[in-house]
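*Asks:* Quick one: the structure is below, and I'll ask about it shortly.
4 protein chains.
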Amino acid sequence: MKTRVGIVGFRGYSGAELVRLLEHHSSAEPWLMEHRADSADQPRPRGHAGPPRIPCTQEAARQEKIGLVFLATPADVSMELAPAMLAAGALVVDLSGAFRLRTVENYAKWYKEQHTQPKLLAEAVYGLPEFYRDAVRQAPLVANPGCYPTAANLAIRPMVESGVIDRAAGIVCDAKSGVSGAGRKPTLKTSFCEVTENFSAYNILGHRHVPEVLLTSGLEEAQFSFTAHLLPLDRGILETIYFRVKPGSDGESILRIYEDRYKGEPFVRLYDPGHAPDLRSVQRTNLCGIGVKVDAATGRAVVVSVIDNLGKGAAGQAIQNMNLMLGYPETEGLL
Amino acid sequence: MKTRVGIVGFRGYSGAELVRLLEHHSSAEPWLMEHRADSADQPRPRGHAGPPRIPCTQEAARQEKIGLVFLATPADVSMELAPAMLAAGALVVDLSGAFRLRTVENYAKWYKEQHTQPKLLAEAVYGLPEFYRDAVRQAPLVANPGCYPTAANLAIRPMVESGVIDRAAGIVCDAKSGVSGAGRKPTLKTSFCEVTENFSAYNILGHRHVPEVLLTSGLEEAQFSFTAHLLPLDRGILETIYFRVKPGSDGESILRIYEDRYKGEPFVRLYDPGHAPDLRSVQRTNLCGIGVKVDAATGRAVVVSVIDNLGKGAAGQAIQNMNLMLGYPETEGLL
Amino acid sequence: MKTRVGIVGFRGYSGAELVRLLEHHSSAEPWLMEHRADSADQPRPRGHAGPPRIPCTQEAARQEKIGLVFLATPADVSMELAPAMLAAGALVVDLSGAFRLRTVENYAKWYKEQHTQPKLLAEAVYGLPEFYRDAVRQAPLVANPGCYPTAANLAIRPMVESGVIDRAAGIVCDAKSGVSGAGRKPTLKTSFCEVTENFSAYNILGHRHVPEVLLTSGLEEAQFSFTAHLLPLDRGILETIYFRVKPGSDGESILRIYEDRYKGEPFVRLYDPGHAPDLRSVQRTNLCGIGVKVDAATGRAVVVSVIDNLGKGAAGQAIQNMNLMLGYPETEGLL
Amino acid sequence: MKTRVGIVGFRGYSGAELVRLLEHHSSAEPWLMEHRADSADQPRPRGHAGPPRIPCTQEAARQEKIGLVFLATPADVSMELAPAMLAAGALVVDLSGAFRLRTVENYAKWYKEQHTQPKLLAEAVYGLPEFYRDAVRQAPLVANPGCYPTAANLAIRPMVESGVIDRAAGIVCDAKSGVSGAGRKPTLKTSFCEVTENFSAYNILGHRHVPEVLLTSGLEEAQFSFTAHLLPLDRGILETIYFRVKPGSDGESILRIYEDRYKGEPFVRLYDPGHAPDLRSVQRTNLCGIGVKVDAATGRAVVVSVIDNLGKGAAGQAIQNMNLMLGYPETEGLL
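Protein chains in written order, with our numbering: chain A, 703 to 1037; chain B, 703 to 1037; chain C, 703 to 1037; chain D, 703 to 1037.
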């Protein structure tokens, strides 16, 4: 029998992607948990009802034996629902920023508000399996990483760990995201006529995803310059990362660091030096693609990292975490 | 009587934009000069013939009293045509890279081919009016700047000139361009299905527009990291420029440097600190928009520079140069 | 001295286009009339203030000697403001559907609500200059036509007038519009991620623009099938119109009917038989392009009609009406 | 052991989609058959080789025991390769127009060239499983239908069969397609800058897909008006079909005709009266979605039919045909 997996926020883009992925999963099945009916459902063809639908309450979760709940909700809603779902005996994967930053001080600094669940915050595991796989397997509550930090950390942490990087010179991460990363709620900024044929920078040097990169990579804030941009497209993140490497490094040697680090990883794809992956190569997948270009003479290095913000950047990675938490093969439903 | 202005390469995107702009110019009128009919004309409505059309020869240019010729042609064609048009008594604005790099050595290094007109190369004036206005006024041959270097130089040179920048830490310029920058010739890379919903980096650390930035800004190659990206949109360039500023600088002080430098410049627009212009604010104009964000505590600075690659990045700037060369008001036909 | 022209609803797409067009008009100047500040202004570059701004009241309009007011507002707001602006001595061009349908019964049938200004409704002139030019010149209140009906009526009425059409067989008008036609207010339907790479039909056989076509063309409802579709693009309407022609008609004879009807019209462009204009040929203009294909053997005819929904479909046509009402050359500010 | 299935033209959009779908098929595996290496391969990540690759010859097909070959090639290439592949013992599904029109006369009329394989043309089965399922099961050579005719026939034939339609009044099919329908070969018409923010009609009343609709639906050419349009998007076809129904018909009764006809069909989805499916609902699937709106008072009816032109309109339907020809479950690899 399949494990029943609840999705709160199933009308949003991440939530709908979770439903879509779970409908093809061999060991889990999606159950829609209605929290606030604040948006219209998609029309469905005649005779094709969707997954079962229950209220998002502790009682309903317990009674229907929901084994795991995805919270595809804003941070404040996640802080409210996570304790209830855990109390109902369900594991929880939270896709908001509520449980990613480890301390209430750090949360208050970047999210400009008080954290209401300090104990859960301290216990939550950061769900980037390539670095925290064993902890995820044991965790009742997993904080699914942000989309920008996922692409950044997979590219940056092996560089920092290996010591190849010249930290003093600083690292620049120029990030570009599709519009679905901003969620499904209609706003002027995400209106078609404002976005099409347009491109803009936002949250320059102050994006709240920055602390996730600092925590995982070990960089200090002064060493890391990050700017987000809005691409006129639906899905995908591309980050262009600039740094200086220690003398003697070239494209092949940088690439070998990645290959050593990601040997056996099912969702990281590396490209030959000088070949950078485009968004197309990862859209609608749980993959992260990484390409490298180094000018050995001057020590300048550029790494391009791509993911699908709804895949490895949200719902895909959440399913990967679920697979680890429930003991299924890590790639189940994701290839 | 209006000055007759020839356009070679009028079917390309820059050439067509020149025609469009000249059709509204009060002192000049477009004449199409047919060099190679390698592409279909746009269908025209009944009863609406286009501008006059003559062959692109020295004789025709002289006979029709063409006062100035725009070469919206590849570099090799420009090297062939520029001497002929000058010999016919016409001034020349060349939109290719043929005459931008000052020395045959520099040209050979970046364009991987021999320059065939070394004398003209040495005499040509680099047509960035905000820095070389007086020289442009006297020049028979103006090299219209590349699109990427225009956005970069207008943002970077005041920083370098003022000494506010920490050159040792290096400058990163992450550049994104619309597809029209690649020209009208059909290629797989610029096919709709390859571009839509996609985004990619190209020419990482090796773009041939780099030397134009080095020449104008005074930076050395090892200090300047440049990567170009292809946006899924028609027109516009946005460059996000990262550097470190000397202690004591903040957003307002950086902005004052720009304001001092560009006082009275009709085509440079500055924004309040923290507000970065988007592509929409410059599309179909000859404007360059510049926004600044500085983290004074750490000295990290980000400048966003936007232009229309067919406007200030090509045809608009070419008209601006023409106005200077022919003694018209600099903004004529451009507001 | 320029006539002061007020724009109510200047933050919407039609209103902003009116401001943009008026900033280049030689005899009129835009004044922003603030009715409800329900949306953020665009950021402006330092030192570039916009047009003057006054409250949208009868007193302010009179005091500032506003000569004409554009109402780029919803129908209910237009019904409220039109009498006040007329009482202030201003002419009025209303861009909503409030005054287009001539009778309160017709308005109630299609707009599902009571009309509150029956007298003004009866007096308003329908501002399609190609058919009602003389009336527009005398009118204090002009109802600017809807975008879909403008493209439809310019294509259909000459066919009906000439008698070439087989009305019994019915006329099909398959209409496609860019997203700006839906206005600037954020909605899920006009969110980028819902629109990009998508296409859909809406208001099948029941669009409230239908009665404008019936009134102007003389067709009956049962003879006219109209469906609107949402294109994943910003600006432009293309309508593909199918009907049967009487024996003996071919592409050239149909085209001659249009040429006779539109001789001297500055904003109608006709194409050779078999060549249909695309949206590109009319975007950012006040033009309507018309192309024809007829299969003489079977009497099947197809007419393609294109406009810019913010140009000839809204702000452009409104300026054209203003020019007529204020006695300026009809094409002033529109070429 | 999986059946080896050859794909000729694997670099084109239909061919690449076949490879993608077959990589997830439980009973068949893709083999790339190299005919003309006229275009660059996509870069692949390190360590991820693609499917096996063999020359497209009779000998190679026989030797490698290729069980079925997809020809995703132009019509002239298909006419050349089909006999060779059949002689090698392989079944053939041809995605071109070469074998769809049954007679050499019909082929010559619409394709303006001689058919070189009249015997195969006469024997080929038209692969629209919803109507010709049993014949497909026995066929050595299946002509995979065109994209436009697939959407049209699934919507129109039940109307004609049931006699509900008023044929004398004619049927209008206004069809809109994404750009991938035009193939991967770069052309000016399919260049990004020509397509984005643009929309146009083409092949008005003369598209070569028309005869496929006539053959399958039983309509006569004079009764059927068809115009194709190019949408600024990658994948998907939406057809808006207008006709008159006999008195007494309404939305529900029309829908019941479809429900009776398509009961048990796995790939046809019907929507409640008044609800028309959009492209999003079928993209990347093998589904056809059909919605209906009828104005019972006037007998006007509109049917909206949507497919993915690379799914049910090409590769998806080709896999569906393959499943039937090889005796696999019809939906294998397609859900």
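The beta carbon of each residue, even a glycine, is placed where N, CA and C say it ideally should be. Please read all numbers here as calculations on a predicted model, not as lab measurements.
What do you get for residue 826 of chain D, buried or exposed, if any count of 16 or more other CB atoms within 10 angstroms of its CB means buried?
*Replies:* Sequence index remark: in the fourth sequence, residue 826 of chain D carries index 124 (1-based). Under this definition residue 826 of chain D is a buried residue.
*Asks:* Going by the CB atoms, is the gap between residue 929 of chain C and residue 906 of chain C shorter than 7 Å?
*Replies:* Position 204 of the third sequence holds residue 906 of chain C. Position 227 of the third sequence holds residue 929 of chain C. A contact, by the Cβ cut-off of 7 Å.
*Asks:* By DSSP, does residue 719 of chain D sit in helix, in strand, or in coil?
*Replies:* One-based indexing of the fourth sequence puts residue 719 of chain D at position 17. In the structure shown, residue 719 of chain D sits in a helix (DSSP, three-state: H, G or I).
*Asks:* Take the Cβ of residue 765 of chain D as the centre, count every other Cβ of all protein chains shown within 10 Å, and call the residue buried at 16 or more, exposed below.
*Replies:* As a working mapping, residue 765 of chain D is identified with position 63 in the fourth sequence. Exposed, by the Cβ-count rule.
*Asks:* With a cut-off of 7 Å, does the C-beta of residue 745 of chain C fall near any C-beta of chain A?
*Replies:* The sequence position of residue 745 of chain C within the third sequence is 43, counting from 1. No, because no Cβ of chain A sits closer than 7 Å to the Cβ of residue 745 of chain C.
*Asks:* Scan the region 883-916 of chain C for residues whose Cβ lies nearer than 7 Å to a Cβ of chain D and list them as they occur along the chain.
*Replies:* Correct list: 899, 900, 901, 902, 903, 906, 907.
*Asks:* State buried or exposed for residue 704 of chain D, treating a residue as buried only when at least 16 other CB atoms are found within 10 Å of its CB.
*Replies:* One-based indexing of the fourth sequence puts residue 704 of chain D at position 2. By the 10 Å Cβ count, residue 704 of chain D comes out exposed.
*Asks:* Under the three-state reduction of DSSP, which class applies to residue 836 of chain A: helix, strand or coil?
*Replies:* Translated into the one-based positions of the first sequence, residue 836 of chain A becomes position 134. If DSSP states are grouped into helix, strand and coil, residue 836 of chain A belongs with the helices.
*Asks:* With a cut-off of 7 Å, does the C-beta of residue 918 of chain D fall near any C-beta of chain C?
*Replies:* On the fourth sequence, residue 918 of chain D is found 216 positions in, with the first residue counted as 1. By this cut-off, residue 918 of chain D is not an interface position.
*Asks:* Output the distance between the C-alpha atoms of residue 1042 of chain C and residue 954 of chain C, rounded to the nearest integer angstrom.
*Replies:* Look at the range of chain C in this structure, 703 to 1037, and you will see that residue 1042 of chain C is not part of it.
*Asks:* So, for residue 858 of chain A: in the same chain, excluding its five sequence neighbours on each side, which residues have a beta-carbon less than 6 Å away from its beta-carbon?
*Replies:* Taking the first sequence and counting its residues from 1, the one referred to as residue 858 of chain A is at position 156. Cβ within range, chain order: 919.
*Asks:* Residue ranges of each beta strand (DSSP E) run of no fewer than 3 residues wholly in the region 774-811 of chain D, ordered along the chain?
*Replies:* Runs found: 793-796.
*Asks:* So, using beta-carbon positions, are residue 714 of chain C and residue 774 of chain C closer together than 7 Å?
*Replies:* Translated into positions along the third sequence, residue 714 of chain C becomes position 12. Translated into positions along the third sequence, residue 774 of chain C becomes position 72. Yes, Cβ-Cβ distance for residue 714 of chain C and residue 774 of chain C is below 7 Å.
*Asks:* Can you give the Cα-Cα distance for residue 709 of chain B and residue 745 of chain B, rounded to whole angstroms?
*Replies:* For the purposes of this step, residue 709 of chain B is taken as the residue at position 7 of the second sequence. For the purposes of this step, residue 745 of chain B is taken as the residue at position 43 of the second sequence. Rounded to the nearest angstrom, the two C-alpha atoms are 19 Å apart.
*Asks:* For chain A, find out if any of its Cβ atoms is closer than 7 Å to the Cβ of residue 804 of chain B; answer yes or no.
*Replies:* Here the question's residue 804 of chain B lines up with position 102 in the second sequence. It does not: the Cβ of residue 804 of chain B has no partner Cβ on chain A nearer than 7 Å.
*Asks:* Keeping to the same chain, check which residues put their C-beta closer than 7 Å to that of residue 960 of chain D; ignore five residues upstream and five downstream.
*Replies:* Reading the fourth sequence from its first residue, position 258 is the one you call residue 960 of chain D. Same-chain partners within the cutoff: 860, 972, 992.
*Asks:* What's the gap between the Cα of residue 854 of chain B and the Cα of residue 875 of chain B?
*Replies:* What you label residue 854 of chain B is simply residue 152 of the second sequence in a count that begins at 1. What you label residue 875 of chain B is simply residue 173 of the second sequence in a count that begins at 1. About 8 Å.
*Asks:* How many angstroms separate the CA atom of residue 802 of chain B from the CA atom of residue 777 of chain B?
*Replies:* Within the second sequence, residue 802 of chain B is the residue found at index 100, counting from 1. Within the second sequence, residue 777 of chain B is the residue found at index 75, counting from 1. So the two alpha carbons sit approximately 10 Å from each other.
*Asks:* Taking Cβ-Cβ distances shorter than 9 Å, what residues in chain B pair up with residue 972 of chain C?
*Replies:* The residue you call residue 972 of chain C lines up with position 270 of the third sequence. In chain order: 747, 748, 749.
*Asks:* Using a threshold of 7 Å, state whether the C-beta atoms of residue 999 of chain B and residue 795 of chain B are closer than that.
*Replies:* By one-based count along the second sequence, residue 999 of chain B stands at place 297. By one-based count along the second sequence, residue 795 of chain B stands at place 93. No, these two residues do not count as a Cβ contact at 7 Å.
*Asks:* Over the uninterrupted beta strand (DSSP E) stretch that includes residue 903 of chain A, give me the two end residues.
*Replies:* On the first sequence, position 201 is the one that residue 903 of chain A refers to. From DSSP, the beta strand (DSSP E) with residue 903 of chain A extends over 902-904.
*Asks:* Just to confirm, are residue 933 of chain B and residue 1014 of chain B a CB contact at a threshold of 7 Å?
*Replies:* Position 231 of the second sequence, counted from the first residue, corresponds to residue 933 of chain B. Position 312 of the second sequence, counted from the first residue, corresponds to residue 1014 of chain B. It is not a contact, given that the beta carbons lie outside the stated cut-off.
*Asks:* Considering residue 843 of chain C, what are the terminal residues of the beta strand (DSSP E) in which it resides?
*Replies:* Your numbering for residue 843 of chain C matches position 141 in the third sequence. Note, residue 843 of chain C: beta strand (DSSP E), 843-845.
*Asks:* Quick check on residue 817 of chain D - is its C-beta less than 7 Å from some C-beta in chain A?
*Replies:* Locating residue 817 of chain D in the fourth sequence gives position 115, counting from the first residue. So no, residue 817 of chain D is outside the interface.
*Asks:* Buried or exposed for residue 1037 of chain B, going by 16 or more other Cβ atoms inside 10 Å?
*Replies:* In the second sequence, counting from the first residue as 1, residue 1037 of chain B sits at position 335. By the 10 Å Cβ count, residue 1037 of chain B comes out exposed.
*Asks:* Which residues of chain A have a Cβ atom closer than 9 Å to the Cβ of residue 991 of chain D, listed in chain order?
*Replies:* What you label residue 991 of chain D is simply residue 289 of the fourth sequence in a count that begins at 1. Result: 747.
*Asks:* For the putative contact between residue 970 of chain A and residue 956 of chain A, defined by C-beta atoms under 8 Å, what is the C-beta separation to the nearest angstrom?
*Replies:* Translated into the one-based positions of the first sequence, residue 970 of chain A becomes position 268. Translated into the one-based positions of the first sequence, residue 956 of chain A becomes position 254. With a Cβ gap of about 15 Å, residue 970 of chain A and residue 956 of chain A do not count as contacting.
*Asks:* Output needed for residue 892 of chain C: all residues of its chain with C-beta closer than 7 Å, excluding positions within five of it in sequence on either side, in chain order.
*Replies:* Locating residue 892 of chain C in the third sequence gives position 190, where the first residue counts as 1. Cβ within range, chain order: 881, 884.
*Asks:* Starting from the Cα of residue 1022 of chain B, find the closest Cα among B/966, B/829, B/964 and give me that residue.
*Replies:* By one-based count along the second sequence, residue 1022 of chain B stands at place 320. For residue 1022 of chain B, the nearest C-alpha among the options comes from B/829.
*Asks:* Please report the distance separating the alpha-carbon of residue 849 of chain B from that of residue 1003 of chain A.
*Replies:* Here residue 849 of chain B refers to the residue found at position 147 when the second sequence is read from its first residue. Here residue 1003 of chain A refers to the residue found at position 301 when the first sequence is read from its first residue. Between residue 849 of chain B and residue 1003 of chain A, the C-alpha separation is close to 24 Å.
*Asks:* Go ahead and label residue 722 of chain A buried or exposed: buried means 16 or more other beta carbons lie within 10 angstroms of its beta carbon, across all protein chains shown.
*Replies:* In the first sequence, residue 722 of chain A corresponds to position 20, counting from 1. With fewer than 16 Cβ atoms within 10 Å of its Cβ, residue 722 of chain A is classed as exposed.
*Asks:* Roughly how many angstroms lie between the CA atoms of residue 979 of chain C and residue 725 of chain D, to the nearest whole one?
*Replies:* To locate residue 979 of chain C, count along the third sequence from 1; it is residue 277. To locate residue 725 of chain D, count along the fourth sequence from 1; it is residue 23. Their Cα atoms are separated by approximately 43 Å.
*Asks:* Taking the beta strand (DSSP E) that residue 757 of chain C falls in, what are its first and last residues?
*Replies:* For the purposes of this step, residue 757 of chain C is identified with residue 55 of the third sequence, where counting begins at 1. Here the beta strand (DSSP E) through residue 757 of chain C covers 755-757.
*Asks:* Alpha carbons only, please: which of D/735, D/800, D/748 is nearest the one belonging to residue 770 of chain D?
*Replies:* Here residue 770 of chain D refers to the residue found at position 68 of the fourth sequence. It is D/735.
*Asks:* CA-CA distance, residue 889 of chain C and residue 865 of chain D?
*Replies:* As a first step, residue 889 of chain C is located in the third sequence; it is residue number 187 there, counting from the start. As a first step, residue 865 of chain D is located in the fourth sequence; it is residue number 163 there, counting from the start. If you take the alpha carbons of residue 889 of chain C and residue 865 of chain D, they lie about 42 Å apart.
*Asks:* Taking the beta strand (DSSP E) that residue 997 of chain D falls in, what are its first and last residues?
*Replies:* Within the fourth sequence, the letter at position 295 stands for residue 997 of chain D. Its beta strand (DSSP E) spans residues 990-997.
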